[in-house]
Structures are given as C-alpha cells and as structure tokens.
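When we follow my numbering, the leftmost residue of the sequence shown carries the number 2, and every step to the right adds one.
Note that CB positions come from ideal geometry on N, CA and C, so glycine has one too.
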Amino acid sequence: MLKLNQIVTQIEEEGAFAVSDRAMALKAKGHPIINLGIGQPDFLPPPHVLEAAEKAARDGPHGYTSPVGILPLRQAVADNVGSRYNLQINPDQVVIVPGGKVTIFFAAMLFGGPNSEILYPDPGFPPYREAILSAGAKPVPYGIHEAADFGFDADEVLSLITPATSLIILNSPANPTGGVVSPNEMKKLADGLAEHPHVAILSDEIYGHLVYDQSQFVSLLQFEHLRDRVILLDGWSKTFAMTGWRLGYGIWPLDLVEHVRKLITVDHSCVNGVAQMAGLAAITGPMDCVDEFLKSFRQRRDLLVAGLNNLPGITCRTPGGAFYAFPNITGTGLQSRELARRLLEEVYIATIAGDAFGENGKGYIRFSYAASRDELQQALTRMADFLHRI
Ligand code: PLP
C-alpha cells in the first residue's frame with residue numbers, strides 16, 4: 002500500500018471540468034450539445050493582445066522572468082487598479098500568477114495550518130473549500146442567500162469569526178450565483194472587520210469588470226482601514242476572454258509578498274513570458290472589447306433569465322454580475338444533481354448542479370450564459386419540452 006497524503010486524496014475535483022469533459026464526449030459522438038456548464042467567455046481575446054503574444058513568441062522574453070512577474074506588467078496592473086479606485090498601489094504589491102486560482106491557493110497556504118479557520122461563501126467557487134482543506138485549515142462556510150439577491154448577511158459572517166479565524170474569502174460578483182454584494186452590506190462587513198484585526202481578507206474580484214450596474218459594486222480595496230490585510234484577486238481570464246492563457250494577479254499587502262514569492266519559486270518559478278506580454282497589451286490597450294463583452298452578456302442574461310422564469314417549476318433572479326444565472330429549481334420536483342444529469346444526458350444541455358458549490362446550492366442549478374443567443378434560445382426550448390414531459 003502506498004502511503005498517500007490523505008489531505009490530497011480527499012480533496013474534490015472542480016465539478017465544472019468533469020461536466021465539460023462529459024459534454025465534449027457526448028459532442029464527439031454527434032450529440033447536439035449546448036455547453037452552459039463551464040464558466041468561460043466564448044469570445045476571442047482582442048486582436049492587439051494576440052499580436053502582442055505573437056511578437057513575444059518571436060522576440061521573447063524566452064527565459065525565466067522575476068517570480069512575481071515582469072515589472073512593466075506589475076506597474077501596469079498597479080496603475081490600472083489604482084486609477085480605477087483612485088488610490089496609490091505599489092507595483093511591488095502586485096504578484097503575477099498563472100491564473101486567478103493560484104492566488105486562492107497561496108492565500109490558503111499562507112493563512113492555513115492545523116489550528117486555523119478560514120471562512121468561505123456557500124454556495125461559492127468550489128476551489129475555495131478544497132484549497133482551505135489542502136492547507137490543513139478548517140473550512141467554515143457562510144451563507145449566500147437568494148433572498149438577499151445572492152449576497153451575504155454581514156452580521157452572520159462576522160458572527161462566525163473566532164480567535165482561530167485567519168482569513169475570510171469574499172467573492173463579488175460571485176460564482177455561481179452572479180450575485181453582487183450591495184455596497185451597504187459590504188460596508189457593514191468592512192466596519193465590523195475593524196473589530197477583528199487578526200483576520201485577513203481575500204477578495205476575489207475576478208468578475209469585477211462584469212457588473213451590469215457599476216454603482217452597485219465596491220472593491221474591498223476601497224476600505225482604507227483594511228488595506229494592510231486585503232489581498233485582491235483578479236486576472237485576465239474572464240475580463241479579456243483569456244481563460245486558457247493562465248494569467249492572473251494578486252495585490253498583496255507589501256509585507257506578505259516575500260512569502261508568496263517563496264511559494265512561487267517552489268511551485269512554478271514564474272508565468273511564461275508570452276502570456277505576460279499579452280496581459281500587458283490587454284490592460285494597457287483599448288478597453289472597448291470589455292464594454293462589448295459586457296453589452297453582449299447583458300443581452301444574453303436578459304434572454305436567459307426571462308426564458309427561465311417562463312419554465313414550469315423554475316424561478317430565477319436577475320443576477321447583477323458575472324455570466325451566471327442560478328435559478329431555483331425546487332418547483333420541478335427534481336434534485337439539482339438529477340436535473341443537471343438529465344438535462345445533459347437527455348436534452349444535451351450542460352449545466353452544473355447547485356450543490357457542486359456547497360450545501361446551500363441544493364435546489365439550484367448554475368447556467369453559464371457565455372453562449373450565443375441562438376444557443377440560449379435553443380436550450381430554453383429543449384428545457385421547456387423536457388420539463389413539460391417529466
Ligand atoms: N475565482 C472565481 C470566482 C472563478 O469563478 C474563477 C474561475 O472560474 C476563478 C477565480 C479562477 O480563474 P482562473 O481561470 O483565472 O484561474
């Protein structure tokens with residue numbers, strides 16, 4: 002018997018990838034799959050980004066870069082985020098990593114360990130819990146509530162803090178619900194956190210550019226009293242349709258960067274130069290592609306949400322951000338997993354069961370509406386047929 006690390010053997014794979022593999026296998030057999038499962042934009046990255054990548058593939062950098070990323074890219078991120086929120090960010094706080102996820106993992110490693118508790122949203126992005134478990138810490142879920150438009154209750158979150166709490170993970174706009182936490186609730190949480198100076202915050206703002214009403218969105222970096230313990234997570238995957246490029250960043254409190262740097266040199270040394278140069282072109286170039294993506298997502302959201310609300314047994318709130326809808330499906334009489342499985346196997350629509358995102362996701366399924374309007378319309382027609390016959 003091999004002596005495997007039980008922590009690793011017990012963590013779970015992110016369900017969206019398994020559904021995607023199954024959907025691709027069905028498609029390869031000739032079935033007319035509509036993939037509303039995996040969360041990735043169906044656009045191409047803008048042309049100037051592709052040109053920058055082509056040039057970098059020819060001209061370099063070809064070797065290792067600094068573990069934390071090339072300075073022009075870190076400077077550009079600092080300027081970009083700084084000008085968005087009207088604050089000064091030191092490029093030395095910016096750490097470039099291969100994808101948004103890596104910042105989650107490193108934050109969990111840094112704040113984990115056997116005696117620590119880390120709070121995370123339920124339903125929420127599944128890797129949060131698995132990263133916390135990987136780091137040997139105790140995952141403590143807090144509720145994300147449909148009645149609060151898929152936000153949290155700040156008092157509830159604060160009530161879960163103990164002397165062992167080392168980190169709180171926040172995510173707005175959120176996966177899987179598309180919920181955007183209201184400025185009032187975010188402020189209430191931020192004010193309450195002043196009483197808990199031992200707690201760091203990882204604010205996952207990877208969908209921060211995909212908000213339908215920007216006045217409803219606040220970044221955690223906007224709360225000055227928390228700035229020495231907020232880690233901001235963002236990246237290129239969702240904003241610039243670059244999921245496969247594996248490029249993300251964290252903005253860390255300066256004195257934590259040396260620890261992240263060590264983790265990087267143990268783990269992946271640096272992000273490849275081509276992706277970094279492409280990322281630089283993306284955030285220093287014209288941003289009209291992001292506006293176009295958002296406009297298109299809004300139309301698709303409106304089409305999907307209206308259609309879902311016309312289906313028997315389904316009700317769906319209008320999500321304020323990201324590209325997910327998270328309808329309540331309890332009225333269908335089916336469990337989330339059963340409904341998601343049957344939609345895939347019988348009418349070839351890939352979705353993700355809500356409980357793949359935590360206990361509180363039971364009774365929901367997640368739709369990623371990063372698909373054409375034609376596909377969304379077809380999916381709604383097939384679902385209507387399916388739900389009328391079950
Ligand atoms: N955070 C959230 C909330 C996400 O939904 C995702 C991807 O789905 C990520 C982080 C990770 O992004 P990346 O693909 O850049 O690792």
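Point to revise | Residue from PHE358, VAL348, LYS4 with nearest C-alpha to LEU381 | key: Among PHE358, VAL348, LYS4, the Cα nearest to that of LEU381 is on VAL348.
Check your understanding: How would you label LEU281, buried or exposed, when you count the other beta carbons within 10 angstroms and need 16 or more for buried?
Key -> Buried is the call here.
Practice item. Given a cut-off of 8 Å, decide if ILE34 and LEU45 are closer than it, judged by their beta-carbon atoms. Key: With contacts defined by Cβ atoms closer than 8 Å, LEU45 and ILE34 do not form a contacting pair.
Point to revise | Nearest-angstrom Cα separation, counted from ARG302 out to LEU401 | key: Outside the modelled stretch of the chain, which goes from 2 to 391, sits residue 401, for which no answer is possible.
**Study point:** Other residues of its chain near MET110: CB distance less than 7 Å, five sequence neighbours each side excluded
**Key:** The residues are ALA136, LEU264.
Review point. From which residue to which residue does the alpha helix (DSSP H) around GLY286 run?
Key: Unbroken run through GLY286: none, as it is neither H nor E.
Review point. How is the beta strand (DSSP E) around LEU257 delimited, first residue to last?
Key: Careful: LEU257 lies outside any beta strand (DSSP E) and carries neither H nor E.
Exercise for review: Pick out the complete beta strand (DSSP E) segments inside the segment 308–366, 3 residues or longer, and give them in chain order.
Suggested key: Qualifying beta strand (DSSP E) stretches: none in this window.
Check your understanding: Do the CB positions of GLY179 and ALA323 come within less than 8 Å of each other?
Key -> Going by C-beta atoms, GLY179 is nearer than 8 Å to ALA323.
Review point. Is VAL69 near VAL258, with beta carbons less than 8 Å apart?
Key: VAL69 is a Cβ neighbour of VAL258, given a cutoff of 8 Å.
Review point. Quick one: Cα of LYS4 to Cα of PRO73, how far?
Key: Put simply, the backbone Cα of LYS4 is about 45 Å away from that of PRO73.
Exercise for review: Please state if the CB of GLY249 and the CB of VAL103 are separated by a distance shorter than 8 Å.
Suggested key: For VAL103 and GLY249, yes; Cβs fall inside 8 Å.
Review point. From which residue to which residue does the beta strand (DSSP E) around SER204 run?
Key: Segment 201–205, the beta strand (DSSP E) holding SER204.
Review point. Cα separation between ASP256 and PRO47?
Key: Those two C-alpha atoms are separated by around 35 Å.
Check your understanding: Roughly how many angstroms lie between the CA atoms of PRO320 and ARG59, to the nearest whole one?
Key -> Distance between the alpha carbons of PRO320 and ARG59 is about 42 Å.
Check your understanding: For the putative contact between GLU196 and ASP235, defined by C-beta atoms under 8 Å, what is the C-beta separation to the nearest angstrom?
Key -> Beta-carbon to beta-carbon, GLU196 and ASP235 are separated by about 27 Å, too far to satisfy the 8 Å threshold.
Check your understanding: Does DSSP put LYS239 in a helix, a strand or coil?
Key -> Coil, per DSSP.
**Study point:** Beta-carbon proximity check, GLY100 vs ARG247, cutoff 8 Å
**Key:** A contact, by the Cβ cut-off of 8 Å.
Review point. Thinking C-beta only, is ALA201 closer than 8 Å to LEU222?
Key: The beta carbons of LEU222 and ALA201 sit no closer together than 8 Å.
Exercise for review: Pick out whichever of ARG343, ARG383, HIS199, PHE368 has its Cα sitting closest to the Cα of GLY40.
Suggested key: Ranking ARG343, ARG383, HIS199, PHE368 by Cα distance to GLY40 puts PHE368 first.
Check your understanding: To the nearest angstrom, how far is it from the Cα of HIS106 to the Cα of PHE294?
Key -> Residue identity check: residue 106 is Phe in the sequence provided, not His. Approximately 28 Å, taken between the alpha carbons.
Check your understanding: What do you reckon, are the CB atoms on LEU377 and LEU312 nearer than 8 Å?
Key -> Contact: no.
Check your understanding: When you compare only the Cα positions, how much space is there between THR240 and PRO62?
Key -> A straight-line Cα-Cα distance of about 24 Å links THR240 and PRO62.
Check your understanding: Who sits around the ligand PLP, taking every residue whose Cβ is closer than 6 Å to one of its heavy atoms?
Key -> Taken from the N-terminal end onward, the list reads GLY40, GLY100, GLY101, LYS102, PHE126, ASN172, ASN176, ASP205, ILE207, GLY236, SER238, THR244, GLY249.
**Study point:** Local conformation of SER369 per DSSP, three classes
**Key:** Correct three-state label for SER369: strand.
**Study point:** Same chain only: Cβ atoms within 7 Å of GLY364, ignoring 5 sequence neighbours per side
**Key:** Excluding sequence neighbours, GLY364 sits near ASN329, ILE330, THR331, SER337, GLY355.
Review point. With 8 Å set as the bound, which would you pick, yes or no: does the beta-carbon of ILE169 sit closer than that to a beta-carbon of chain E?
Key: The structure shown contains no chain E, having only a single protein chain.
Check your understanding: Residues bridged to GLU55 by DSSP?
Key -> GLU55 pairs with nothing; no bridge assigned.
Check your understanding: Given TYR1, which residues of its chain have a CB within under 8 Å of its CB, disregarding the five upstream and five downstream residues?
Key -> With the chain covering only 2 through 391, there is no way to say anything about residue 1.
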